[in-house]
Each structure stands twice: as C-alpha cells, then as structure tokens.
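Student: To get our numbering, take the position in the sequence shown, counting from 1, and add 7.
No residue lacks a Cβ here, since even glycine has one placed at the ideal position from N, Cα and C.
Just so we're clear, the structure is a prediction, and the values are computed from it rather than from any experiment.
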Amino acid sequence: MAIAEFAAPYPVTVEVQPATEPRNKMTIGFRIILAIPHLLLVGGLGFAGSIGAWWLTYGGMFSLGVLGAVATVCAIISWFGIMFAAQHPVGLRDLCMYYLRWRTRGLAYLALFRDEYPPFGDADYPASINVVMAEGERDKKSVGLRIFYLIPHAIILWALSIAWTVTSIIAWFSLLLNGTYPESLYNFGMGVMRWSLRVEAYALLLVDEYPPFSLD
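Set out below in structure tokens:
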C-alpha cells in the first residue's frame with residue numbers, strides 16, 4: 008500500500024507511512040480503549056470531532072479535546088491580533104501547530120492506519136503533517152470572514168466524518184478477522200483525514216489559501 012499524502016500545491020501536507028505487517032490484532036481489538044488518552048487531548052475522527060465542533064456548536068468545546076480547546080482559544084486571540092495589529096503571535100501559532108501534529112498522530116492510530124502507540128508530545132511517529140504557514144501581510148478579508156468561509160467544508164466534513172467512522176468500524180472487523188485493511192476503505196479514510204486537517208489548519212488561521220473540496 009503506497010504512502011498516502013496530499014501532493015497538490017496546497018500548503019498543508021499529511022503523510023502516513025504504510026503500516027508494517029502482520030498487524031497487531033491485540034492493540035487493534037482494544038484500540039478505542041487504548042486511544043482514550045489521546046481522544047481526551049486531541050479529539051476523535053473527522054472535522055466534526057475537532058475544530059468544526061466549536062464553529063458549528065456541534066458537541067461544544069468538550070469534543071475538541073483539551074489541546075483542541077486551547078488551540079481554538081489561540082485562534083480566537085490570533086484573529087484579533089491579525090485584524091487589528093496585522094500580527095499573528097508566534098507563540099499562539101506554534102501552539103496550534105503543536106496541536107495539529109499531535110492530532111495527526113492520534114488520528115492515524117485511532118483510524119487503524121498505524122499500530123504504534125502515539126507519543127505524548129512531539130516525537131518521531133510514522134504519521135505527520137507539514138504546514139507552510141502564512142507569512143508577511145495577511146489577507147484580512149479572508150481572516151475576518153473565516154468562520155463563514157468554513158461553513159461549506161464543515162457541513163460536508165460532518166457527513167464524511169460519519170462515513171469515516173462507519174468505514175473504520177468495518178476495517179476494524181476486517182483487521183481482526185483477516186489482518187487486512189481494505190484498500191478502498193483505507194484510501195477513503197486517508198482522504199477524509201487529509202481534508203479535515205487541511206480545513207483545521209485553515210480554521211486555526213495558519214494558512215490563508217482556501218482548502219480544496221477534495222479527498223486527494
């Protein structure tokens with residue numbers, strides 16, 4: 008199974024190395040329980056379980072995870088900094104990136120893409136996100152209206168996140184029974200994960216380019 012990544016010239020790239028075989032059926036069987044600490048910190052599958060929950064008041068800030076809630080507050084403060092002082096505070100930006108890196112690792116584990124337990128904090132892991140962050144003068148119109156620009160993505164990703172949860176459950180049974188992750192389900196899950204993380208980076212004001220409506 009090839010490395011799945013978003014290769015288009017959008018400034019957010021997500022990469023997950025193919026899982027080594029044979030898969031660890033013991034950790035797969037108890038994955039949801041093992042993932043609870045990361046769920047509490049960075050949220051669950053899809054956009055609806057993360058920053059989109061706050062924007063659309065779906066589930067409230069509790070569904071963001073602790074770090075997701077912190078990142079949301081950082082984004083709100085940064086919004087005022089960009090709009091009124093034309094500055095994106097570096098410390099707040101770095102905290103948002105810290106959250107996104109951790110969330111990427113947590114999602115890859117929860118979605119059964121990898122079997123290695125994710126580290127608590129920044130450390131090497133075969134799932135990563137790279138964001139070429141906006142520099143210099145920011146697009147104040149885009150920043151000012153960001154919450155409205157997010158609505159189409161949030162609606163679509165809400166539906167896709169439900170589908171991703173269903174396909175992950177199907178993949179869970181497949182992995183337990185025959186040790187394989189169906190390729191079509193893998194590609195769909197990776198696509199939703201990429202889309203979700205691109206939109207999260209946009210929602211957190213790390214980039215100004217509008218995210219594509221694409222699973223690629």
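Starting from the Cα of Leu211, find the closest Cα among Arg100, Leu117 and Gly113 and give me that residue.
Tutor: Numbered from its first residue, the sequence shown carries residue 211 at position 204. If we check each option's Cα against that of Leu211, Arg100 comes out closest.
Student: Suppose contacts are defined by Cβ-Cβ distances below 8 Å. Is Trp86 in contact with Val150 by that definition?
Tutor: Reading the sequence shown from its first residue, position 79 is the one you call residue 86. Reading the sequence shown from its first residue, position 143 is the one you call residue 150. Yes. Within cutoff.
Student: Could you tell me which residues DSSP pairs with Ser135 in its beta bridges?
Tutor: Here residue 135 refers to the residue found at position 128 when the sequence shown is read from its first residue. Looking at the DSSP assignment, Ser135 forms a beta bridge with Glu22.
Student: Please state whether DSSP places Met200 in a helix, a strand or coil.
Tutor: Position 193 of the sequence shown, counted from the first residue, corresponds to residue 200. Looking at Met200 - three-state DSSP - the assignment turns out to be helix.
Student: Since Arg121 and Ala130 should fall inside the 8 Å C-beta cutoff, what is the C-beta to C-beta distance between them, to a whole number of angstroms?
Tutor: As a first step, residue 121 is located in the sequence shown; it is residue number 114 there, counting from the start. As a first step, residue 130 is located in the sequence shown; it is residue number 123 there, counting from the start. Incorrect: roughly 14 Å between the Cβ atoms, too far for contact.
Student: Buried or exposed for Ala92, going by 16 or more other Cβ atoms inside 10 Å?
Tutor: Here the question's residue 92 lines up with position 85 in the sequence shown. Exposed: under 16 other Cβ atoms inside 10 Å.
Student: With 16 as the cutoff for other CB atoms within 10 Å, does Phe69 come out buried or exposed?
Tutor: What you label residue 69 is simply residue 62 of the sequence shown in a count that begins at 1. Residue placement at Phe69 is flagged as unreliable, the pLDDT there being 42, under the threshold of 50; the coordinate-derived value follows with that caveat. Exposed is the call here.
Student: Tell me which same chain residues have a C-beta within less than 6 Å of the C-beta of Val23, skipping the five on either side of it?
Tutor: Sequence index remark: in the sequence shown, residue 23 carries index 16 (1-based). Closer than 6 Å at the Cβ level, and outside the excluded window around Val23, lie Ala11, Ala115, Phe120 and Ala134.
Student: Is the CB-CB distance between Leu52 and Leu117 below 8 Å?
Tutor: Within the sequence shown, numbered from 1, the residue matching residue 52 stands at position 45. Within the sequence shown, numbered from 1, the residue matching residue 117 stands at position 110. Yes, the pair counts as a contact, with Cβ atoms nearer than the cut-off.
Student: By how many angstroms is the C-alpha of Gly143 removed from the C-alpha of Ala178?
Tutor: As a first step, residue 178 must be located in the sequence shown, where it is residue number 171. As a first step, residue 143 must be located in the sequence shown, where it is residue number 136. Taking the straight line joining both Cα atoms gives about 44 Å.
Student: What first and last residue would you give for the alpha helix (DSSP H) that runs through Ala115?
Tutor: Looking up residue 115 in the sequence shown gives position 108. Counting along the chain, the alpha helix (DSSP H) containing Ala115 begins and ends at Val97 to Leu117.
Student: I'd like the list of long-range same chain contacts for Asn31, defined as Cβ closer than 6 Å, with 5 residues on each side in sequence excluded.
Tutor: Along the sequence shown, one-based indexing puts residue 31 at 24. Asp122, listed in sequence order.
Student: Please classify Ile228 as buried or exposed, where buried requires at least 16 other C-beta atoms within 10 Å of its C-beta.
Tutor: Residue 228 is absent from the structure shown; the chain starts at 8 and stops at 223.
Student: Flag Arg112 as yes when its Cβ comes closer than 7 Å to any non-hydrogen atom of the ligand MN, and as no otherwise.
Tutor: Ligands are entirely absent from the displayed structure, and the ligand MN is therefore not among its contents.
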